[in-house]
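Below is one structure, written out as structure tokens, with a few remarks after it.
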Amino acid sequence: MLYALDAVSSAPKGTRLYVNRELLLGYGKPDPIAIRKSDETRILQRLNSSLNPSQKNAVLRCVLSEDIAVIHGPPGTGKTTTLTEIISQIVAEEQKVLVSAPTHSACDLLVESISAKGISVLRLGHPARISDTALHTTLDYKLFHHSDGKLLNEYRRDVIEISKQAKKYKRNFGEKEKEDRKNLFQEVKELKKTIRSMEKGLIDSLISSHSVIVSTPVASARSVLEGRRFDFCVLDESSQALEPATWIPILKSDRVILAGDHKQLPPTLFSEKNSLEFTLFEKAAERLETSGRVFMLDTQYRMKDEIASFPSMEFYSNRLKSGRPGPEKISNFPKTFPFGDALQWIDTAGTDSEEVAVDDSLTNPFEADLQVRLCTLLQENNWPEEEITILSPYRAQVRLLSEKLQEAGLSKIQVSTIDSFQGRENRCIFLGFVRSNSEGRSGFLKESRRINVGMTRAKDLLLCIGDSSTLLEDPFLSRFIRFMEEKKFFRTAWEFRDP
């Protein structure tokens, strides 16, 4: 990472890296992306017709960008679909692309999506960290199954056998044995040299024959990519990547496409005041906003309208539209269903709700018991356990909930911290706030991006459980609770008490 930062800071004026650095850090004066009609026509003729207008615009502008483009992908807006189409178009243009994401799971998701388009992908990284569905794309797998790779394995077996033979000779052997032993070790040396040369040539051949290389940012610094240049670098989830790591794949590329959502959780830092607090994506998204280089995907396909309404207003300037089919946009539960709306606030103020410190975390036993009762209620109304996830900001509450669900015979219901569930979804989400105290302390619930992640995981039903008397002290949470009251999505926990 230090090497990358040194290279970026010392980039000679006029070089591609210098231009990209100036644009990303807000020092340059970018012009809007210029598009020739002939280029536009060519791309549009190949474009996936199922993309919505904001996705099509992002694909077109990113593929024809000469330097930097940014894709802002709010929850459920098809960011992976859009990036896959961009990569497909780059390959169709006979150009090479380095695709990167900060986690192995994000890399594997891209590999699966790109491979589904019939594009051959080479995945860099240790096989132990790569999902089973992406293993066949790894460098190790392709080396092993290549015809020359099989020959390499034979040579390696020969090295082992010859080494064993050489070691059988005793120290008190004669001149002939001494000469034989020397020849065997020389043969091993030559074989190892041949293996290294063949392996390097085979790796070079595999990399050269693939238009799409996928790796984490750190893995892109591997020696197998040393000295290689790519036409494009596509960085997914770059709003979750530390800036020094982000620069590593950028160094190897002429043009850069950053994708992410800075309105969701950033990477985890262990220091409250840290120079890495703002990611390169966040800097670029804000500094390039007025230059016509930031493309927001504005149609979400995940949430019912009630669920999407507050996040859209609070985080995305009311720009999110619904892409769900008409009947699925709004609540359509049967009259007998215990929750009439897709979004509900169940208030624990005035009950026995109380937060309890457990080691360096918090629990709220009353809230946990209430959630188990509500899960039982859903199950009684034929809602599958697998389609329910309970999210909590606190690990101790996750452990407590897991125990209580097990006792209640609801072990198929998933429980997770909000942070760990970023990027995932389920039909029903319980969002428990845990905090309940007379001082109005809300702790790290003050991080509104964490709540945004929690709110936007639900597809059909979002049940928020919290103590309004505590949470109203926080400005953001106060706006959310007032919104729920105005929309008549507000209920009290007393309605769901045990008979």
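Here this note's numbering is used: the first residue of the sequence shown is 647, the next is one more, and so on.
By construction, the Cβ of each residue, glycine as well, lies at the ideal position given by its N, Cα and C atoms.
These figures come from a predicted structure and were not determined experimentally.
### Task
Find the nearest neighbour of L710 within the set E960, R939 and R1070, judged by alpha-carbon distance.
That would be R939, whose Cα lies nearest to the Cα of L710.
Looking at C-alpha atoms only, which residue of Y664, L706 and L671 is the closest neighbour of S684?
-> Per the Cα distances, L706.
- Can you tell me the Cβ-Cβ gap for E928 and S885, rounded? I've got them flagged as a contact below 8 Å. Confirmed, about 6 Å.
In whole angstroms, what separates the C-alpha of Y1040 from that of L1008? The straight-line gap separating the alpha-carbon atoms of Y1040 and L1008 is approximately 6 Å.
Report task. Report the residue from E935, G906, H782 and R769 whose alpha carbon sits nearest the alpha carbon of S866. Result -> For the residues E935, G906, H782 and R769, the minimum Cα distance to S866 belongs to R769.
- Taking all protein chains shown into account, decide if N666 is buried (16 or more other Cβ within 10 angstroms of its Cβ) or exposed. The residue is buried, with at least 16 neighbouring Cβ atoms inside 10 Å.
inquiry  = Just verifying my parser: in three-state terms, what is the DSSP assignment at V864?
reply    = V864 falls in the coil class under three-state DSSP.
Need the endpoints of the beta strand (DSSP E) that Q990 sits in, please.
It spans L989 to D993 - the beta strand (DSSP E) in which Q990 sits, taken as one unbroken run.
Point to revise | Alpha carbon of K1020 to alpha carbon of F1142, nearest angstrom | key: The amino acid occupying residue 1020 in the given sequence is Leu; Lys does not appear at that position. Taken atom to atom, the span from the alpha-carbon of L1020 to that of F1142 is near 8 Å.
Taking 8 Å as the threshold (C-beta atoms), are A780 and E883 in contact?
No, they are not a contact pair.
Q) With DSSP run on the structure shown, which of helix, strand or coil describes F1129? A) DSSP places F1129 within a helical segment (H, G or I) once states are collapsed to three.
| said: Contact between the stretch 744-763 and the stretch 961-973 is defined here as three or more beta-carbon pairs at a separation below 8 Å; is this criterion met? | reply: Taking 8 Å as the limit for Cβ pairs, the verdict is that the stretch 961-973 does not touch the stretch 744-763.
* For H718, the first and last residue of its enclosing beta strand (DSSP E) -> Counting along the chain, the beta strand (DSSP E) containing H718 begins and ends at I714 to H718.
Do S700 and L943 have their C-beta atoms closer together than 8 Å? Contact flag set, yes.
N- and C-terminal bounds of the alpha helix (DSSP H) containing K950: Where K950 is concerned, there is no enclosing alpha helix (DSSP H), given that its DSSP letter is neither H nor E.
### Residues bridged to F878 [DSSP beta-bridge criterion]
In the DSSP output, where bridge partners are listed per residue, F878 has V743 and R901.
Check: Which one of I681, S854 and L690 has the shortest CA to CA distance from I767?
Finding: Strictly speaking, residue 767 in this sequence is Val, with Ile absent from that position. Of the listed residues, the one whose Cα sits closest to V767 is S854.
What residues in its chain sit with their C-beta under 6 Å from that of R1073, if we drop five residues either side in the sequence? Closer than 6 Å at Cβ, skipping near neighbours: E1033, K1105 and D1106.
Checklist entry - According to the neighbour-count rule (16 or more other Cβ atoms, all chains shown, within 10 Å of its Cβ), is R692 buried or exposed? => result Classification of R692: exposed, given that the 10 Å Cβ count is below 16.
Specify, as a first and last residue, the run of the alpha helix (DSSP H) that S700 falls within. Start and end: P699 to V709.
Check whether the Cβ atoms of F1076 and L1051 lie closer than 8 Å to each other. Cβ distance not < 8 Å, so F1076 and L1051 don't count as in contact.
On the premise that Q741 lies in contact with F878, defined as a C-beta separation below 8 Å, what is that separation, rounded to the nearest angstrom?
-> Between F878 and Q741 a beta carbon distance of about 6 Å is seen, short of the 8 Å cut, so the two are scored as contacting.
Exercise. For the stretch 780-790 and the stretch 896-911, state whether three or more C-beta atom pairs, one from each stretch, are separated by less than 8 Å.
Key: When C-beta atoms of the stretch 780-790 are compared with those of the stretch 896-911, fewer than three pairs fall below 8 Å, so the two segments do not count as touching.
Q | Rounded straight-line distance, which links the Cα of T723 to that of D652 | A | Distance between the alpha carbons of D652 and T723 is about 36 Å.
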